[in-house]
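Visitor: With positions in the sequence shown counted from 1, the corresponding number in this note's numbering is that position plus 8. Just so it is clear, CB atoms sit at the ideal spot from N, CA and C, and this is done for glycine as well. Input: one structure, supplied below.
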Amino acid sequence: STLSRATASSYAVNFGYDFAPNPAVLRVAGVGLRLNPSRIRFRSGWTGSDAERFTYLVPIELPGDTARPALSQTRYWLNSAGVQLAPLTGVQAGLDVVSTRDLRDYGDSTTMGRVIGSESATLFGTDIGIETQRLLNTNLTFTPRLVAIRPRLSVGTTFSMTKDPNARDPVREAGDTAGSFHVPTAFSNQRRIEAGAQFDLGRLARGVLGDSAALARMFARVTGLDLSYSTQQGSVYSRAAGAPPPSYQFALGDFDSFRAVDGLLAASATQSTTLTTSGAMVLPLGLRASAAFRHTDGVGWTLRADQQVPLRSDVREWPSGSLTWAVTPSRRNLGRLLTSISARAGYRESQSVIEQPSFGAPAGVTLSTTNDRTFTPSASLGWIGGVFTNFDVSRSSSDRVNAGNLFRTVRNTQNGTLAFSFRPPGGFRSLIRTTAVYSVANNTTCLRRTGSENCVPYVDSRQTQAQLTMDTDLPKNMSAGLQMAYVLNEERQTNRKISQFGVTAFVQLSASVGQLR
9 STLSRATASS YAVNFGYDFA PNPAVLRVAG VGLRLNPSRI RFRSGWTGSD AERFTYLVPI
69 ELPGDTARPA LSQTRYWLNS AGVQLAPLTG VQAGLDVVST RDLRDYGDST TMGRVIGSES
129 ATLFGTDIGI ETQRLLNTNL TFTPRLVAIR PRLSVGTTFS MTKDPNARDP VREAGDTAGS
189 FHVPTAFSNQ RRIEAGAQFD LGRLARGVLG DSAALARMFA RVTGLDLSYS TQQGSVYSRA
249 AGAPPPSYQF ALGDFDSFRA VDGLLAASAT QSTTLTTSGA MVLPLGLRAS AAFRHTDGVG
309 WTLRADQQVP LRSDVREWPS GSLTWAVTPS RRNLGRLLTS ISARAGYRES QSVIEQPSFG
369 APAGVTLSTT NDRTFTPSAS LGWIGGVFTN FDVSRSSSDR VNAGNLFRTV RNTQNGTLAF
429 SFRPPGGFRS LIRTTAVYSV ANNTTCLRRT GSENCVPYVD SRQTQAQLTM DTDLPKNMSA
489 GLQMAYVLNE ERQTNRKISQ FGVTAFVQLS ASVGQLR
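Dropping the structure here:
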């Protein structure tokens, strides 16, 4: 019923060069300065494909089969290069560039084809088409080696550009109605600067106070103390007339250079700063405490009509931490019954505020606030005879206020696990491994409208699950198991309840037929 002929072909040619030269070091005042790169990389490749599909009416060729074949053609030239520098110990810098050029001939029968032809470049008299993609990454890290303090500084940028030769219409150089025509271009950039340090308070205190000082021994209990501050800027542009200047590609300048390039406003631009600190402390009686603090302050500019409007955000995570306890009981008391005891309690609280201008009211501002709280206690007990029990609870609540309306979500989860192995009577040599799991979870969400005191629930989902698994190894090459599971799902807002009960039994046989020579 359908007659067609299809052909396809493709090719790829690639060349690569990767070299790590021997260090050329110049000694200046006892400091070694490396003069040559630590690594050089280059890749170049040509890829192409041709495909044709022709649909005709009858098997015999007739003049009436005048339908034009469907053609597909790709011609790309891909180049990438990178260089890594390590001039000093603890200092590293790198630059990576990836470029893709479209070598297809788009002709001159369409407006886009003529625009592409005018923007095509030549190399030694050969047409090399237009650049459709460009990636540019730079990085600089500074990590000096100190005794008790490990500072760090890193700077990184990521630039991306894409030209669309298959767009329906070109763009004008000056707005929508003036200037020359160009292939639509989209580009973005992101710059991140982070400074931080990790502190070894114990070593620092011993160096100042001496090994015998009680204060030095107390500071030695503090581990993993880390402090960092980072700032990040980025922007996205769409339907530009060409590539941005090198200052934007290398992310030079202040935040205003991200928001506008040569009079063109960014579709979106963001700037944020984050302060983070974390640490842990070893306490007596097998206790260990950890805490973390994070604060992020940001502003994002989005394009509305012909103006950029700010969206400000403030996120703080505090208090946030955990307390763990692990102990091995002595055989003189609890050790006769328990082999190990461990417990953990974690708490995390986060507050965020988002501020954005209201539509239709230049001076109006809409606030959206969210408060999240999570509490996660758990306990594990190891009993004599290889019996293990675990119980954990998770309770989280979220209050989100938007336009004066409160959305409150509460999630509760409890899990219990019992695992042990036993040898059945009757001379059976293999142990039967048994695991029993029981869990209960519920999720409720209610809405309290502006001016109302009652929070009306509109989501109430609950789940109860129980599972028993038993498996064993039969003699030599067989294993078997049995699993029983029960699940109850309730959607109380729709008055629906579904229960499921399943039994699964399996036997596994492994056979060997010798060795092939």
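Restricting to Cα atoms, I'd like to know which of Met289, Ser388, Asp172 and Leu342 is closest to serine 246.
Guide: Ranking Met289, Ser388, Asp172 and Leu342 by Cα distance to serine 246 puts Asp172 first.
Visitor: If you follow the beta strand (DSSP E) that glycine 354 is in, where does it begin and where does it stop?
Guide: 346-365
Visitor: Look up glycine 287 in the DSSP assignment and say whether it is helix, strand or coil.
Guide: strand
Visitor: What would DSSP say about leucine 342, mapped onto helix, strand or coil?
Guide: helix
Visitor: My parser needs the beta strand (DSSP E) runs of 3 or more residues fully inside the stretch 29-71; what are they?
Guide: 33-36, 39-42 and 47-64
Visitor: Which residue marks the beginning of the alpha helix (DSSP H) containing alanine 222, and which one marks its end?
Guide: 222-227
Visitor: Using the C-alpha atoms, what's the distance from arginine 109 back to aspartate 208?
Guide: Rounded to whole angstroms, aspartate 208 to arginine 109 spans 51 Å at the Cα level.
Visitor: Between which two residues does the beta strand (DSSP E) containing serine 110 stretch?
Guide: Contrary to the premise, residue 110 reads as aspartate rather than serine in this sequence. 99-110 is the span of the beta strand (DSSP E), which, as asked, contains aspartate 110.
Visitor: In terms of residues, what are the limits of the beta strand (DSSP E) holding isoleucine 440?
Guide: 440-456
Visitor: Opposite methionine 120 in the DSSP bridges: which residues?
Guide: Answer is none; methionine 120 lacks a bridge partner.
Visitor: For glutamine 257, count neighbouring C-beta atoms within 10 Å of its own C-beta (all shown protein chains included) and say buried if the count is 16 or more, exposed if not.
Guide: Flag for glutamine 257 reads buried.
Visitor: Span of the beta strand (DSSP E) holding glutamine 315?
Guide: 315-335
Visitor: Can you name, in chain order, every residue of its own chain whose Cβ lies under 7 Å from the Cβ of asparagine 159, other than the five neighbours on each side?
Guide: Correcting the residue type first, residue 159 is proline in the shown sequence and not asparagine. Around proline 159: Pro152 and Ala205.
Visitor: Leaving aside the five residues before and after asparagine 87 along the sequence, list all residues of the same chain whose C-beta is less than 6 Å from its C-beta, in chain order.
Guide: Ser52 and Ser107
Visitor: Tell me which residues share the same chain as tyrosine 446 and place their Cβ nearer than 6 Å to its Cβ, disregarding the 5 neighbours each side in the sequence.
Guide: Gly424 and Ala474
Visitor: In whole angstroms, give me the CA-to-CA distance for glutamate 181 and alanine 94.
Guide: 42 Å
Visitor: For proline 252, which three-state DSSP category applies?
Guide: coil
Visitor: Identify which residue in Gly187, Gly115, Lys484 and Gln491 has its Cα closest to the Cα of methionine 478.
Guide: Gln491
Visitor: What does DSSP give as the partner residue(s) for arginine 296 in the beta ladder?
Guide: Note: arginine 296 sits in a beta bridge opposite Val290 and Thr332.
Visitor: So, is threonine 134 buried or exposed, given that buried needs 16 or more other C-beta atoms within 10 angstroms?
Guide: exposed
Visitor: Quick check: threonine 304 and valine 290, are their CB atoms within less than 9 Å of each other?
Guide: Against a cut-off of 9 Å, the Cβ pair of valine 290 and threonine 304 comes out as no contact.
Visitor: Tell me, which residues are paired with arginine 408 by DSSP?
Guide: Its beta-bridge partners are Thr378 and Phe415.
Visitor: Buried or exposed for asparagine 45, going by 16 or more other Cβ atoms inside 10 Å?
Guide: Note that residue 45 is proline in the sequence shown, not asparagine. Flag for proline 45 reads buried.
Visitor: Just to confirm, are serine 12 and phenylalanine 62 a CB contact at a threshold of 9 Å?
Guide: yes
Visitor: Alpha carbon to alpha carbon, how far is arginine 76 from serine 57?
Guide: 19 Å
Visitor: Between valine 418 and threonine 452, what straight-line distance do the alpha-carbon atoms span, to the nearest angstrom?
Guide: 5 Å
Visitor: Pick helix, strand or coil for arginine 247, following the three-state DSSP scheme.
Guide: strand
Visitor: What's the C-alpha gap between glycine 329 and arginine 356?
Guide: 6 Å
Visitor: Are three or more beta carbon pairs between the stretch 165-179 and the stretch 135-146 nearer than 8 Å?
Guide: yes
Visitor: Tell me whether serine 188 sits in a helix, a strand or coil according to DSSP, three-state version.
Guide: Three-state result, serine 188: strand.
Visitor: May I have the straight-line CA-CA distance separating isoleucine 48 from aspartate 26, to the nearest angstrom?
Guide: 6 Å
Visitor: Give me the residue from Leu43, Ala249, Ser243 and Ala251 with the minimum Cα distance to aspartate 262.
Guide: Ranking the options by Cα distance to aspartate 262, first place goes to Ser243.
Visitor: To the nearest angstrom, report how far apart alanine 493 and threonine 443 are at their CA atoms.
Guide: 12 Å
Visitor: Is the CB-CB distance between threonine 332 and alanine 297 below 9 Å?
Guide: Yes, the pair counts as a contact, with Cβ atoms nearer than the cut-off.
Visitor: Does the separation of the CB atoms of threonine 382 and serine 404 fall below 9 Å?
Guide: Contact flag set, yes.
Visitor: Rounded to whole angstroms, what is the Cα-Cα separation between serine 286 and aspartate 270?
Guide: 42 Å
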